[in-house]
Amino acid sequence: MYLRPRVKSLNKEDHNKNKASGNSFDKSKDKNNNTMVKAVLGNEQETKTFLKDEETGLKVDRITDDVELESGLSSSKNSEIGADNRLVGTLKAVVACGFYMVIGPSLILNNKFILKDLDFKYPMLVSCLGLITTSIVSHLLVRFQFVQLQHRDVVTKDFYLKRIVPVGITLALTLSFGNAVYIHLGVALIQMLKAFTPVIVLMGVVISGIESPSKGVILSVLGIAFGTALNCAGAVDYTFYGLFLMFGAEFFEAVRLVLTQFLLQNKKFGVIEGQYWLAPASAASLMTLSIFSEWNTISSKGHISVVFENPQYFFFSATLGLLVNLSSFLVVQTTNSVTLKILGTVRNAGLVIFQVIFAGEIITAQQFGAYGLTIVAFGFYNYFKMQKSAPAPTQYTKVEQK
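Under my numbering, the residue at position 180 of the sequence shown is numbered 1496, and the numbers go up by one with no gaps.
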């Protein structure tokens, strides 16, 4: 039995690039006198081992991250193991996707209940709960070495103040506006208006010079804008202040995304490490804003008693705020980012339908049609974005013979 790697040819210039990128190759013999090639690929130190058939004299010129293996023989045991692994992977993906679909809407409905039904109209303080929990948990995980900080040397005091804090402040404003809007608009309308975010994001990246959109992206964004305008025109239960808060939340979300690309470019923080650095900055920003704008009213009207009379809802808000970030990470880890975007769209649409059926929110036929147009345009937007960012296909050549 042997495994034959189908690999690319490598010239002298490629060898130099390979060496500079951190790739290394070690050869050794196994008990059957087959050559084992152990490849450490790039900074991620991913290791793959391949057997070389001495009878055919195959010579490996290059091993890459997308090596294709051709097996001359496979055992039934290996097939069973592979099938089991695929089943486990599928189950993990299903659980992660289900978790993601439930957690987000649960947080939305819980926070709406606090802000509107309990009449605790302090969105900054409510938004702060999840960030405080996230900060505490992420620091505990790092403190007890469950998670390693890969960018500890990069995040200096100057880097933190100039790059992470601005992103944290915009996240705080996004959450604050995003929660405040539930006091003035229905949940269904808010979910439909969320589709407008790519329009503001595109304007931000174009103005900042970060990205030049393709014609397909521009046309898709125009479709989203048109659908959103029709949606607003057909709405019967809204306030202008509520729309202002909604578009304010989307504006700060767009600013956050642009700042993340501009200030934290090429810094691939994991979900826990990212929250380790970002959540405290956002929590501190929200707490400061809440102290100056909300706390006097809370104390003078005795509304702090609402927290003690209904602790479970505030506990849920704090816990679900942490789990929302974790659920997104699990979906990407078990599937991919495309699945996350698709699930996000489906989840918003599902929440719209849920609110119409079970909460009695009024959505006109024009709004449904406009939302359908927006979803289609949003789908094309993601498609054209992926087409632009997709890597060129790998080209393979035949392996050389001795």
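Using N, Cα and C, we set each Cβ at its ideal position, and we do this for glycine too.
Given the structure is predicted, the values throughout are model-derived calculations rather than measurements.
What is the rounded straight-line gap between the Cα of Val-1662 and the Cα of Phe-1696? Here residue 1662 refers to the residue found at position 346 when the sequence shown is read from its first residue. Here residue 1696 refers to the residue found at position 380 when the sequence shown is read from its first residue. If I take the Cα positions, the gap works out to 15 Å.
Assign Ser-1616 to one of two classes, buried (16 or more other C-beta atoms within 10 Å of its C-beta) or exposed (fewer than that). In the sequence shown, counting from the first residue as 1, residue 1616 sits at position 300. By the 10 Å Cβ count, Ser-1616 comes out exposed.
State buried or exposed for Ser-1451, treating a residue as buried only when at least 16 other CB atoms are found within 10 Å of its CB. The residue you call residue 1451 lines up with position 135 of the sequence shown. Buried, by the Cβ-count rule.
From what residue to what residue does the alpha helix (DSSP H) around Lys-1657 run? As a working note, residue 1657 is residue 341 in the sequence shown. Segment 1653-1674, the alpha helix (DSSP H) holding Lys-1657.
Phe-1493 vs Phe-1568 beta-carbon contact at 8 Å: For the purposes of this step, residue 1493 is taken as residue 177 along the sequence shown, with counting starting at 1. For the purposes of this step, residue 1568 is taken as residue 252 along the sequence shown, with counting starting at 1. For Phe-1493 and Phe-1568, yes; Cβs fall inside 8 Å.
Nonlocal neighbours in the same chain, by C-beta distance under 6 Å from Leu-1561, ignoring five residues either side: By one-based count along the sequence shown, residue 1561 stands at place 245. Contacts found: Phe-1493, Ala-1496 and Val-1497.
Work out the CA separation of Gly-1543 and Leu-1576 for me, nearest whole Å. To locate residue 1576, count along the sequence shown from 1; it is residue 260. To locate residue 1543, count along the sequence shown from 1; it is residue 227. It should be pointed out that residue 1576 corresponds to Thr in this sequence rather than to Leu. If you take the alpha carbons of Thr-1576 and Gly-1543, they lie about 28 Å apart.
What residue from Gly-1688, Glu-1566, Gln-1703 and Asp-1400 has the CA that sits closest to Leu-1546's CA? For the purposes of this step, residue 1546 is identified with residue 230 of the sequence shown, where counting begins at 1. Comparing Cα-Cα distances from Leu-1546 to each of Gly-1688, Glu-1566, Gln-1703 and Asp-1400, the minimum goes to Gly-1688.
Using three-state DSSP, classify Tyr-1697 as helix, strand or coil. Within the sequence shown, the letter at position 381 stands for residue 1697. Looking at Tyr-1697 - three-state DSSP - the assignment turns out to be helix.
Can you find the residues in the same chain that come closer than 7 Å, C-beta to C-beta, to Ala-1565, ignoring five residues on each side of it along the sequence? Along the sequence shown, one-based indexing puts residue 1565 at 249. Correct list, in chain order: Thr-1490, Phe-1493, Gly-1494 and Val-1497.
Buried or exposed: which applies to Gln-1683, given that a residue is buried once 16 or more other Cβ atoms fall within 10 Å of its Cβ? In the sequence shown, the residue the question calls residue 1683 occupies position 367. Flag for Gln-1683 reads buried.
Please report the straight-line C-alpha distance between Ile-1534 and Ile-1691, rounded to a whole angstrom. The residue you call residue 1534 lines up with position 218 of the sequence shown. The residue you call residue 1691 lines up with position 375 of the sequence shown. Roughly 15 Å separates the two Cα atoms.
Leu-1403 by DSSP, collapsed to three states: which one? Translated into positions along the sequence shown, residue 1403 becomes position 87. Three-state DSSP puts Leu-1403 in a helix.
Count the other C-beta atoms from every protein chain shown that fall within 10 angstroms of the C-beta of Ala-1693, then say buried if there are 16 or more, exposed otherwise. Within the sequence shown, the letter at position 377 stands for residue 1693. It is buried - the Cβ of Ala-1693 has at least 16 other Cβ atoms within 10 Å.
Helix, strand or coil at Thr-1449 [DSSP, three-state]: For the purposes of this step, residue 1449 is taken as the residue at position 133 of the sequence shown. DSSP places Thr-1449 in helix when its eight states are reduced to three.
If you draw a straight line from the alpha carbon of Ser-1443 to that of Leu-1636, how long is it in whole angstroms? Translated into positions along the sequence shown, residue 1443 becomes position 127. Translated into positions along the sequence shown, residue 1636 becomes position 320. Going by the C-alpha atoms only, they are around 11 Å apart.
Measure how close the beta-carbons of Gly-1558 and Leu-1465 come, nearest whole angstrom, since I'm counting them as under 8 Å. Here residue 1558 is taken as the residue at index 242 of the sequence shown, counted from 1. Here residue 1465 is taken as the residue at index 149 of the sequence shown, counted from 1. Gly-1558 to Leu-1465, Cβ: 41 Å. No contact.
Whole angstroms is fine: what's the gap from Leu-1594's alpha carbon to Val-1481's? Taking the first residue of the sequence shown as 1, we reach residue 1594 at position 278. Taking the first residue of the sequence shown as 1, we reach residue 1481 at position 165. So the alpha carbons of these two residues sit roughly 7 Å apart.
Exposed unless 16 or more other CB atoms sit within 10 angstroms - verdict on Asn-1641: Numbered from its first residue, the sequence shown carries residue 1641 at position 325. Buried, because 16 or more other Cβ atoms sit within 10 Å of the Cβ of Asn-1641.
Between Thr-1472 and Leu-1505, what straight-line distance do the alpha-carbon atoms span, to the nearest angstrom? The sequence position of residue 1472 within the sequence shown is 156, counting from 1. The sequence position of residue 1505 within the sequence shown is 189, counting from 1. Using only the alpha carbons, I get a separation of about 42 Å.
With burial defined as no fewer than 16 other Cβ atoms inside 10 Å of the residue's Cβ, what is the status of Thr-1486: buried or exposed? For this step, residue 1486 is matched to residue 170 along the sequence shown. Buried, since its Cβ has 16 or more Cβ neighbours within 10 Å.
Could you tell me the distance, in whole angstroms, from the CA atom of Val-1521 to the CA atom of Phe-1585? Translated into positions along the sequence shown, residue 1521 becomes position 205. Translated into positions along the sequence shown, residue 1585 becomes position 269. For Val-1521 and Phe-1585, the distance between alpha carbons rounds to 21 Å.
Leaving aside the five residues before and after Pro-1596 along the sequence, list all residues of the same chain whose C-beta is less than 6 Å from its C-beta, in chain order. Counting from one through the sequence shown, the residue named residue 1596 turns up at place 280. Excluding sequence neighbours, Pro-1596 sits near Ser-1451.
Just the C-alpha distance for Asn-1427 and Ser-1633, rounded to the nearest angstrom, thanks. Taking the sequence shown and counting its residues from 1, one reaches residue 1427 at position 111. Taking the sequence shown and counting its residues from 1, one reaches residue 1633 at position 317. Cα to Cα, the separation comes out at about 6 Å.
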